[in-house]
Structure formats: C-alpha cells, structure tokens
Amino acid sequence: MKIERIEVLPVRLPLKAMSRLSRGVPRTMEEGKRVILVKMTADDGTVGWGEAGPSRRWSAETTHSCYTTIKEYLAPELIGRDPFDIAGLHAVMNTELAPGLDPGQPIAKAALDLAVHDLICRKLGIPLQSWLGAKGRDRIELSYLVSAPDVEGTLGQVQAGLGLGYRAFKVKVGHEPKLDIERVHAALALAKDCVVWVDANQGYTLDEALRAARGFEALGIELFEQPIPMAEFYGMKKLLAATNMTIALDEAAMGLPVVIELIRREAVEALVIKVNKVGGIHYARQLCDLARSAGLGLIGSGLMDAPIGFAASVHLFAAYSIDYPVDLNGPQHIAEDYLKTPYPMEGRFALVPKGPGLGIDIDEAKVKAFALTL
Ligand SMILES: [Mg+2]
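Numbering (our numbering), first residue to last: 1197 to 1570.
See below:
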C-alpha cells in the first residue's frame, strides 16, 4: 500500500465566541477558526483526513506557515511511501524540517500524522483507539474555558458554562497576579463542587508566579499550568519546591527530548498533552507512555480543535484513561464545522466515535463552502 495523493485544503470555520490568552486574543471573530485540512488518498482508494489549526499567540506556527510547510515541503516527500511505516514517515518529515527544542513545526507535521493514522485504521477497519491498544474509557469529560480578563466577565463565563452543564473550568491567568487571584476567587464562588484550575500560558515572571501560586493555593486550587516561560527550567524547579499545587508543563513540554531533560533536572511533575503541539499521535502516545512510566501527571488539552483534531485527541485520551477533565474547547468556540453528522456528545462528555479511523465523516461540500484562499 502506498500514499498516492495528498490534497491541502485551507478552510475558515465561523466562531461563536473568542478566547483570550496572556498574549491576547489568538483568533478574532473575523479571522474565524482557520484550519489546513489534509486529505490523503492511498493507491487502493482508502482516504484519511488530518488538520492543522495553529494559534499564533500560543506557538510560532501560523495558518500560512502550516499551509506552505505541508504543501511545499512535507507532503511531496510522503508520496509513494507506505502509510503503515509511521516512524519512517516522521523520519522523512524530520529530515525535511529539522526538529529543535520542539519537533520542528509540529502542528504542520501533526496534520499529516493524523491523516496517516486515520487512513491506516480505516484500511484495517478499526477505530484509532484500538490501534493505540487500550480500551481505557469510552468517553472523555470536557472542561469549560474561562478567559475573560476581569471579574465580571469571569463570572459571566462560569455562569454560561454551568448553564450548559459543565462541571470543570479552566481559568486563563498570567495577567496581573492580584487581579487573577480575585478572578479565580470569583469563579470558585460560583463553580461550587466543580474542578477548577488555572493556566498562565507563560505569562508570569518567576516572582509573579510565586506570588500567584501562594494566592491560588490558599483558594484551594490544585493545578497550575505553565506559569512561566517555557525555557525557565530553573524557575520551574523553584516553583515546584514552593507550592503543594501540581505544576503542569504545556508549552515547555513540546517533545520527548525536552521532557526527558526536564525529568533529569527534576523540574517536571505533570505534562499537558496536545496531539498537535507534539507532531501528532505518533509522538503523543510516546509522551503519554513516558509520563506514565516516570510517574508524571497526565493532563489532556488542545488548541481549540476542529473535529479532526478533536476526535484524534479523544481517541488518545480515552486510550490512556485520562479522567481529569480535558480542555478541548472547540465545541465552546466553533459555530459550524465540516462534518456530515454532528460529533457524538453526551452533555459535557465527548464520546469516542465507534467507526473506523477517527470515526467521523467529512462533508466535502462543506469543505468547499468553507474554503479559504491563502
Ligand atoms: Mg495550557
């Protein structure tokens, strides 16, 4: 079996809400959710779909960089190769685009990785979760993202999430510690008996993070994501010593080599896994195995994923039995998508689709209708 054709199809999906990170709004309503879709066809006609939906305020990849990287550099190198040779395909991609501290444009590489996994699992007639080799869970609890920068907006968003039935809230912080602590205090007052945690997206200095950590811990918060810039290993170790909260690394944990180095330096105790940021399923499963073997906490997340990235993440998180609510907030923000039938949900739980591959069917008429010219 050989990969015969790879089509690269940019789309713009309309948003119903925006989010805000410590660096600002990652995508405006006008921009929408921009996704580079990849349709991979094998020589026997089997098709697999992947996607890249970067956020330029979260990492350095953009819609345009993903498009040109996939189209001009990565896809041509995969034509004619065996889709079951996943490690070989990644070796080819890493030869074309060298990894650095991250896997080297991992979100672009993940689009092709997802398409390959969808394709081979469809060929075998099994769901991706079965390829990953663990029944684990059959559904994953989602959290609601709270990213308003003030107390009033924070209360409004928590109320909206409660109204939709959510029981877990991730509050974006990383602005000014005193105001962030007030916002989290307000969120907790409304979200009684819910899981609440915070994510600074590298927004604090070490001094601010230490102050914020004292405040969050006093409120009973147990999990603090990426408080300081990704390269500050010394600061991470200091934070771990200063708080009883779990410090989870997200932007700092982009790939195996850097996570291994963090383990050696005793500067990590929990990882946030995102399928796209690490270059796809191939590396995400290795990171999950490493985390479990090293006794690290495992948190699931995403980048406001559209359904292809969302489904791939749910298969992975279900295979690894991730019980802590995951921040896959595509359904909270994306108004319309490219699926033939809506993604299977049970309230705040995302089900693992039962069909082969990712288990979702792409409506190519919708892909055309949402087409984006770059
Ligand atoms: Mg995060």
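All C-beta atoms in this analysis are idealised placements derived from N, C-alpha and C, irrespective of residue type, glycine included.
Note that this is a predicted model, so its numbers are computed, not measured.
CA-CA distance, L1458 to E1560, rounds to 43 angstroms.
At least 8 angstroms separates the beta-carbon of L1445 from that of V1471. Only residues of its own chain outside the window of five on either side were considered, and among them I1232, C1262, I1303, A1304, A1307 have a CB closer than 6 angstroms to the CB of A1248, listed in chain order.
Judged by the Cβ position, E1560 fails to qualify as a neighbour of ligand 1 at the 7 angstroms threshold, every heavy atom of the ligand being at least this far. Per the DSSP secondary-structure output, K1305 pairs with nothing in a beta bridge.
Counting other Cβ atoms within 10 Å of its Cβ, Y1340 reaches 16 or more and is therefore classed as buried. Listed by position along the chain, the residues with Cβ atoms less than 5 angstroms from a non-hydrogen atom of ligand 1 are D1395, E1421, D1446. When the beta-carbon positions are compared, E1465 and L1492 come within less than 8 angstroms of each other. For R1208, the pairing in a beta bridge is given by DSSP as R1230. Per DSSP, the unbroken alpha helix (DSSP H) holding W1327 starts and ends at 1324 to 1328. Bounds of any alpha helix (DSSP H) do not take in I1266, whose DSSP letter is neither H nor E. Cβ-Cβ distances below 7 angstroms link P1425 to Q1398 in the same chain, with the five nearest sequence neighbours on each side left out; the list follows chain order. Taken through DSSP and simplified to helix, strand or coil, D1395 comes out as strand. Under a 10 Å Cβ-count criterion, Y1400 is classified as buried, with 16 or more other Cβ atoms of the shown protein chains found around its own Cβ.
Using a Cβ-Cβ distance cut-off of 8 angstroms, the stretch 1534 to 1550 and the stretch 1370 to 1378 are not in contact, since fewer than three pairs of beta carbons, one from each stretch, lie closer than that value. Comparing alpha carbon positions, the residue from I1477, I1530, R1488 closest to M1500 is I1530. Annotation for F1280: M1197, I1316 place their beta carbon closer than 8 angstroms to its own, counting only its chain and skipping 5 residues before and after. Short of 7 angstroms from the beta carbon of G1476, and not among the five residues preceding or following it, lie these beta carbons of its own chain, in chain order: K1305, A1306, D1309, L1310. Rounded to the nearest angstrom, the gap between the Cα atoms of Y1534 and L1402 is 42 angstroms. Per DSSP, the continuous beta strand (DSSP E) segment holding L1494 begins and ends at 1493 to 1496.
Each of P1210, M1450, P1552 was checked against the Cα of A1487, and the nearest Cα belongs to M1450.
By a beta-carbon distance limit of 8 angstroms, I1495 does not contact L1524. Their separation comes to about 12 angstroms.
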